[in-house]
Amino acid sequence: MVKKLDKMVLCTLAIMGLRTQLSNVSNSILDFTLGEREDLYTLKKQIRANTLYFDVVNNNCHLTSTLTKSIEKLFLDINQLDIEWDAYVEFGKKRD
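Written as structure tokens, this is what we have:
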């Protein structure tokens, strides 16, 4: 049986994971823009992690509707950055 404290820890870690994913996406885009990133597709491997973190929050955390909407917005922002990243990489390939 999962204790209430365990669920709180799980929820906290999942939300921290989502925030970290957003930061990773932003940093990788910045690194690539500055020419410091060799592996252009590292972030694509992390999309599954985004989904897993969000599912953990959605299925296990009893949040207020405001916080749930904020987390959903964060998740959508991560996906939007992934889409923009793909477009940026494709644009770079066309210019080469």
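Under the working numbering, the residues of the sequence shown are numbered 216 to 311, in order.
Beta carbons: idealized from backbone N, C-alpha and C, even for Gly.
Just so you know, these numbers come straight off a predicted model, no measurement behind them.
query: Straight-line CA distance for Ala-229 to Leu-291?
result: Each residue's alpha carbon lies about 16 Å from the other.
Please state whether DSSP places Cys-226 in a helix, a strand or coil. Reduced to three states, the DSSP call for Cys-226 is helix.
Exercise. Between Asn-275 and the rest of its own chain, which residues show a CB-CB distance below 7 Å, the 5 nearest in sequence each way excluded?
Worked result: Scanning its chain for C-beta atoms nearer than 7 Å, with the 5 sequence neighbours on each side dropped, one finds around Asn-275 the residues Lys-222, Leu-225, Cys-226, in chain order.
Item to check | Burial state of Gln-236 (16 or more Cβ within 10 Å) | outcome: Per the 10 Å Cβ criterion, buried.
State the DSSP-derived secondary structure class of Val-288, mapped to helix, strand or coil.
-> Per the sequence shown, the amino acid found at residue 288 is Lys instead of Val. Correct three-state label for Lys-288: helix.
Q.
Closest to Gly-232 by C-alpha separation, out of Lys-218, Leu-267, Leu-220, would be which residue?
A. Considering only alpha carbons, the answer is Leu-267.
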